[in-house]
Amino acid sequence: MKWKSVFKGLKSLLALLTTIPTGNSSIEYAAQYFYLIPVIGLVEGAIVSFLIWSLYVLGIHNAIISILYIFFHLMVTGGIHFDGYADYSDVIGSHRTGEYAIKILKDPRRGTFSIISITLNLLISSASMYIMLGSGSSVYASLLRLVVIYVASAEAMYITAFFGIEEPYNGLGRRFVISAKISANFIKNIITLLAIYLSILVFTHIEVFMLISAILITLLVAVTIVSDAKKRLGFINGDIIGFSYETTRVVCMVIATCV
């Protein structure tokens, strides 16, 4: 049954990209239904937003909530994207290309540039959350923006895979890149993304500017990273896809502080 397969695909994506217990999962199904990735972002954003809201109604200070946001983000995603974010940050910091850049990407050790990059990521994320919570907007509006940010970050992974060149070896990311390039999957992905954004727009008071900004940032970040990876490595893999997720999230959070 088709819906049963779709449900299994969603479960597999959740198992791969989050810490949500889903039982048995399959990499094959996760790759096959990669086009549903905006739904994963929606789930992540909803959970993180609920946790933040829970602390807010308990009267916890915004500064503490902003720090705990990092913990919530890592708790829900399992920090899976930070690994790729760190690895590709080292590649960028090395100014190397070709085989040498690939060696740096695969090196499990953390370089100075990745440590600096992750530190900046955490600081900007926490500071942005603090500003969002303390802005003139309601907490409800701020958390709606956060949900949109997670949807955009997840979608950036798909767009990066769609425009990128698959890795020449049989890595985990290769299956997802190949799946993303299937025309039918791309159409389904866009329909899924638009359905989520339109639903948020219709049933909430989210700013249209925030939705448009999220779409533009998703495209801009993904295309920029794909272009950069092509010059440095000649392809994209799971690390670059994770880098795209975290970069989009941070950029969107900064933009959200201006709304």
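Residues in the sequence shown are numbered from 15 upward in steps of one, following our numbering. Here a beta-carbon is modelled for each residue, glycine too, at the ideal position from N, C-alpha and C.
query: What is the DSSP secondary structure of I308, counted as helix, strand or coil?; result: Any answer about residue 308 is impossible in this case: the structure gives the chain only from 15 up to 273.
query: Go ahead and pull the three-state DSSP assignment for E180.; result: strand
query: Tell me which residues share the same chain as L215 and place their Cβ nearer than 8 Å to its Cβ, disregarding the 5 neighbours each side in the sequence.; result: V222, L225
query: If the criterion is Cβ atoms closer than 7 Å, does the pair V14 and F177 meet it?; result: Within the shown structure, residues of the chain are numbered from 15 to 273, placing residue 14 beyond reach of any answer.
query: Residues bridged to I250 by DSSP?; result: E180
query: Can you say whether E113 is buried or exposed, counting buried as having 16 or more other CB atoms within 10 angstroms of its CB?; result: exposed
query: Between the alpha carbons of I173 and S151, how many angstroms are there, rounded?; result: 31 Å
query: Let me confirm a value: T238 is counted as buried when at least 16 other C-beta atoms fall within 10 Å, else exposed. Which label applies?; result: exposed
query: Hey, quick one: how far does the alpha helix (DSSP H) through N203 stretch, first residue to last?; result: 197-217
query: Apply the 10 Å Cβ neighbour rule to S19 and answer buried if 16 or more other Cβ atoms are within range, or exposed otherwise.; result: exposed
query: Pick helix, strand or coil for I220, following the three-state DSSP scheme.; result: coil
query: Hey, could you find the ends of the alpha helix (DSSP H) T91 is sitting in?; result: 76-91
query: With respect to the alpha helix (DSSP H) encompassing P52, which residues constitute its N-terminal and C-terminal limits?; result: 51-71
query: Less than 7 Å separating the beta-carbons of N199 and G148?; result: no
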